[in-house]
Amino acid sequence: MEIASKYNPAEVEGKWYQYWLDNGFFKSKPDGREPYTIVIPPPNVTGVLHMGHMLNNTIQDILIRRARMQGKNACWVPGTDHASIATEAKVVNRLAQQGIKKTDLTREDFLKHAWEWKEEHGGIILKQLRKLGASCDWDRTAFTMDELRSESVIKVFVDLYNKGLIYRGVRMVNWDPKALTALSDEEVIYKEEHSKLYYLRYKVEGDPEGRYAIVATTRPETIMGDTAMCINPNDPKNTWLKGKKVIVPLVNRVIPVIEDDYVDIEFGTGCLKVTPAHDVNDYMLGEKYNLPSIDIFNDNGTISEAGGLYVGMDRFDVRKQIEKDLEAAGLMEKVEAYENKVGFSERTNVPIEPKLSMQWFLKMEHLAQIALEPVMKDDIKFYPPKFKNTYRHWMENIKDWCISRQLWWGHRIPAYFLPEGGYVVAETAEKALEIAKEKTGNASLTMADLRQDEDVLDTWFSSWLWPISLFNGINDPDNQEINYYYPTSDLVTGPDIIFFWVARMIMAGYEYRGKMPFKNVYFTGIVRDKLGRKMSKSLGNSPDPLQLIEQYGADGVRMGLMMAAPAGNDIPFDDALCEQGRNFNNKIWNAFRLIKGWTVDSTIEQPEAAATAVKWFKMQLDKTIAEMDDLFGKYRLSEAMMAVYKLFWDEFSSWYLEMVKPGYQQPVDKSTYLSTLGFFDALLRLLHPFMPFITEELWQALEPRKEGESLMVALIPEVAPVDNLYLEDFEIAKEIVGGVRTIRLQKNIPNKEALELQVLGEHNDHFNAVIAKMCNLSSIIRTEEKTAGSASFLVRTTEYAVPLGNMINVEEELAKLQDELKYQQGFLASVMKKLSNESFVSKAPAKVIEMERKKQADAESKIKSIEESIAALKK
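In structure tokens, the structure reads:
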């Protein structure tokens with residue numbers, strides 16, 4: 001196979017990906033091997049590839065390819081998530097561009113448009129992942145709303161309802177006025193806001209002095225929903241208000257003053273306005289004191305008829321207007337700047353509105369109990385383990401999960417309302433009708449008498465079943481695939497969805513399989529730009545992953561990402577990393593071309609230097625294999641990659657190839673050549689999980705090759721024992737080579753000029769052949785006294801000298817040494833001046849004095865050495 005002079009990823013990557021697909025190397029079926037399973041965190045069906053996906057899927061591909069090369073039955077299941085809120089918003093926007101409102105359509109018509117959108121956009125991100133080299137079993141591609149997954153979701157809802165864990169009720173929820181749906185607590189992101197604190201005057205009813213109570217609030221627009229004022233019974237400054245009634249400003253509603261020690265005496269004036277429909281804590285006070293609840297907002301965040309004032313205006317416009325109106329009416333005491341945290345919808349980025357709403361909830365206490373211990377006991381391991389505390393805190397403070405969403409795109413809740421009130425829950429309308437007839441005793445009920453709930457389930461209610469439903473373990477709990485592939489091996493995900501997804505999958509795993517859904521969770525960091533900012537469309541600081549692949553090649557981008565990606569730590573991404581990755585590709589390519597360019601002569605004997613080099617590199621290789629094994633076991637993937645990177649770049653290219661390389665236009669012996677190809681084969685195997693394309697291209701060009709149709713299914717080299725003492729001794733030999741090369745450089749001696757090396761002290765002759773070759777030495781001689789006019793260096797405690805003879809200009813060398821001596825003497829004089837100054841010595845810290853004494857010793861040592869060199873040159 002002809003190897004091009006330059007590596008061109010564009011010519012290689014598509015070719016080998018298609019080859020892998022055509023030969024079914026990504027496919028997996030249950031067999032007798034140990035399974036290794038990963039389920040993809042399903043990206044949104046509307047999405048396109050971003051840097052977070054790139055990192056996450058690169059890590060998954062590294063793990064799955066390595067497992068495959070360990071002889072395991074590796075199965076990576078891909079799929080997408082229907083993403084209710086995001087997808088519905090996209091479809092609504094597209095319809096709006098066509099002049100169609102969602103409200104003008106029936107549910108069925110709208111869903112037709114949504115499915116069209118899904119068919120059009122749904123596969124984009126998975127196709128893009130192929131460019132990265134993702135070795136998923138594409139035949140298994142799933143979708144959270146496909147038939148199997150949908151059946152699983154509905155079955156689980158019915159089961160949990162029948163177990164008494166799902167209930168329906170009016171509760172305070174987080175309302176998204178843009179998406180027009182409830183959200184769970186985890187979908188609310190709190191941000192610091194520069195707000196205002198408004199001090200409002202509430203006149204006391206019938207007070208002869210015309211006094212008023214002052215309430216501090218950040219949301220004056222909600223006064224239209226006030227149904228009480230609350231004070232702390234232990235607050236002396238507000239005792240005068242006990243038993244009184246006050247008048248809501250502008251609204252003129254008379255409301256009672258109630259007492260509860262919930263009120264913070266220190267905040268504001270100690271008077272709290274109570275709006276039960278629009279604040280979760282006020283709602284609890286309302287329940288406790290049986291207060292009326294007035295919902296003043298429409299679903300879209302405008303003021304409803306119940307508000308009485310500002311009807312139809314947006315809530316934030318009202319805030320601006322009401323400030324002016326309160327000022328004009330003399331009902332505003334003052335306004336202060338105020339920093340507070342405001343909850344925003346994670347989906348639409350608009351401020352959420354606490355709202356009383358009829359919703360479906362899942363009780364979480366039992367599920368949290370069964371899912372907490374396995375993580376705390378490390379049955380399920382988190383990498384890095386710091387996330388265990390985050391997990392525990394959430395589990396111990398868990399709230400019921402609001403699982404209903406006021407949308408049309410999603411799994412419709414399988415609850416059917418009866419004509420006389422009440423409802424039944426069943427997997428199908430037919431089953432619901434049977435249950436309804438039984439429940440009501442009315443045998444004449446028909447399907448037309450039942451009305452299915454309009455809401456759909458939270459998207460996470462389908463993805464929490466993902467590791468089970470991908471293998472049909474809900475509908476067919478004892479099938480061959482679920483029994484073989486479950487529990488899965490590793491989950492790779494971001495820490496931002498530890499509650500949304502990771503915790504809930506663990507709950508579902510123990511509830512429905514009685515065991516963990518995965519053994520290990522690897523949390524990736526967040527990809528940030530050079531300035532440390534999170535990458536986002538709005539900042540325009542996120543590169544297009546496909547353009548990066550086009551520019552640097554997929555292997556280069558994968559390498560670049562992994563160089564900066566320790567588990568759980570944020571990734572400071574820079575294109576320069578991809579360039580480093582591309583340069584490494586070129587290094588591998590050029591090393592291969594060098595080896596393949598050698599002429600092999602099977603009649604010549606292996607030189608001693610080459611035999612030593614082969615023995616040394618075999619040990620160096622085995623040491624790195626063991627190191628990588630250990631690092632993979634600890635999920636330190638970035639470090640594992642750097643270990644093989646250094647092995648190839650430093651040890652193989654910079655040392656081994658130099659040691660075995662034949663002389664100019666000389667042949668190489670067959671034994672060294674075959675060993676070198678064997679090492680190259682092993683290096684490609686170690687590199688393949690990280691850099692699949694270039695390694696496959698070069699492995700296919702290896703002749704002779706050991707086995708198999710593809711590097712993908714070749715085995716990773718096994719760990720072998722290592723003689724560490726031998727490796728340590730070789731490091732000394734490297735230092736000797738470095739010392740001689742430094743002399744050549746300093747004295748400007750050409751490489752073709754053979755040198756003699758004199759050894760004064762202990763020395764291991766075992767590596768002499770290598771040292772002689774690497775330094776172009778005519779001989780290595782042990783002596784007790786070095787030749788006059790030598791240049792020398794120390795390695796550990798042994799001095800090595802190179803006689804310079806006629807190779808240098810003595811006068812020039814003496815002039816250089818005289819200049820250096822003069823500089824060092826001047827430096828020593830300045831140090832001694834400080835140390836002879838009593839004031840300095842008595843006042844300076846001990847560390848500073850110690851540092852000056854070290855400078856003195858160093859300068860004196862250098863002066864002595866220079867003087868010896870001058871004396872030797874003058875002989």
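Take the sequence shown: its letter number 804 is residue 804 in UniProt numbering, and every next letter is one higher. All C-beta atoms, glycine included, are put in the ideal place defined by N, C-alpha and C. Nothing here was measured: the structure is a model prediction, and the numbers come from that model.
What is the rounded straight-line gap between the Cα of residue i and the Cα of residue j?
i      : j      : result
Ile265 : Ile403 : 37 Å
Ser489 : Glu709 : 27 Å
Gly243 : Ala306 : 27 Å
Pro9   : Glu728 : 38 Å
Val719 : Lys155 : 48 Å
Asp261 : Cys271 : 11 Å
Glu373 : Asp400 : 19 Å
Lys196 : Ala216 : 10 Å
Lys237 : Val263 : 13 Å
Pro256 : Gln359 : 30 Å
Phe110 : Trp408 : 8 Å
Asp317 : Leu250 : 17 Å
Asn93  : Pro41  : 26 Å
Asp22  : Ala4   : 25 Å
Glu339 : Tyr199 : 15 Å
Looking only at C-alpha atoms, which of the options sits nearest to residue i?
i           : options                        : result
Leu132      : Ala801, Phe693, Ser865         : Phe693
Ala857      : Lys843, Pro845, Gln824, Asp81  : Gln824
Gly473      : Ser830, Arg149, Val722         : Arg149
Thr549      : Tyr522, Gly581, Lys112, Ile771 : Sequence inspection shows Ile at residue 549; the Thr mentioned does not correspond to that position. Residue Gly581 is the option with its Cα nearest to Ile549.
Asp476      : Arg513, His411, Val759         : Arg513
Asp601      : Asp650, Ala640, Lys670         : Lys670
Ala754      : Arg744, Gly761, Leu760, Glu762 : Arg744
Thr524      : Leu491, Tyr198, Asn541         : Leu491
Ala682      : Thr672, Gln666, Trp699         : Trp699
Asp574      : Val614, Phe617, Asp529, Glu605 : Asp529
Ala640      : Pro566, Gly301, Arg782, Tyr212 : Pro566
Asn541      : His50, Gly32, Val350           : His50
residue 954 : Asp622, Glu651, Val713, Arg451 : As displayed, the chain neither begins before 1 nor continues past 875, which places residue 954 out of reach and without an answer.
Lys15       : Glu696, Glu88, Gln60           : Glu696
Leu677      : Leu657, Phe25, Lys822, His82   : Leu657
Can you tell me whether DSSP reads residue i as helix, strand or coil?
i      : result
Tyr635 : coil
Gln580 : helix
Asp400 : coil
Ile771 : helix
Arg558 : helix
Gly789 : coil
Trp240 : helix
Leu63  : helix
Glu353 : strand
Leu766 : Per the sequence shown, residue 766 should be read as His rather than Leu. In this structure, His766 counts as helix in the three-state DSSP scheme.
Leu686 : helix
Lys381 : strand
Glu373 : helix
Met516 : coil
His411 : coil
Met172 : strand
Rounded to whole angstroms, how far is the Cβ of residue i from the Cβ of residue j, which I believe are closer than 8 Å?
i      : j      : result
Thr46  : Ala86  : 6 Å
Leu362 : Leu160 : 6 Å
Ser463 : Thr181 : Not confirmed; about 17 Å, so no contact.
Tyr484 : Pro35  : 6 Å
Asp555 : Asn590 : No, Asp555 and Asn590 are not in contact; Cβ-Cβ is about 15 Å, not under 8 Å.
Pro689 : Arg66  : 4 Å
Val188 : Ser345 : 7 Å
Gly761 : Thr783 : Contact doesn't hold; Cβ gap of about 10 Å is too wide.
His278 : Pro354 : 6 Å
Should residue i be flagged as near chain B, meaning a C-beta pair shorter than 9 Å?
i      : result
Ala720 : Absence of chain B from the displayed structure is noted, only one protein chain being present.
Any chance the CB of residue i is under 8 Å from a heavy atom of the ligand PLP?
i      : result
Ala871 : As for the ligand PLP, it is missing from this structure, which has no ligand bound.
| query | Is the number of C-beta pairs between the region 772–779 and the region 732–750 that are closer than 8 Å three or more? | reply | yes
| task | Evaluate the contact criterion for the region 440–453 versus the region 377–393: three or more CB pairs, one atom per stretch, below 8 Å. | result | Too few Cβ pairs lie closer than 8 Å, so no.
| query | Looking at C-beta atoms only, is the number of pairs between the region 670–680 and the region 611–625 that lie closer than 8 Å three or more? | reply | yes
| Should the region 284–297 be regarded as contacting the region 228–236, the criterion being three or more beta carbon pairs within less than 8 Å? | yes
| request: Inspect the CB distances between the region 835–842 and the region 862–873 and report whether three or more fall short of 8 Å. | output: Taking 8 Å as the limit for Cβ pairs, the verdict is that the region 862–873 does not touch the region 835–842.
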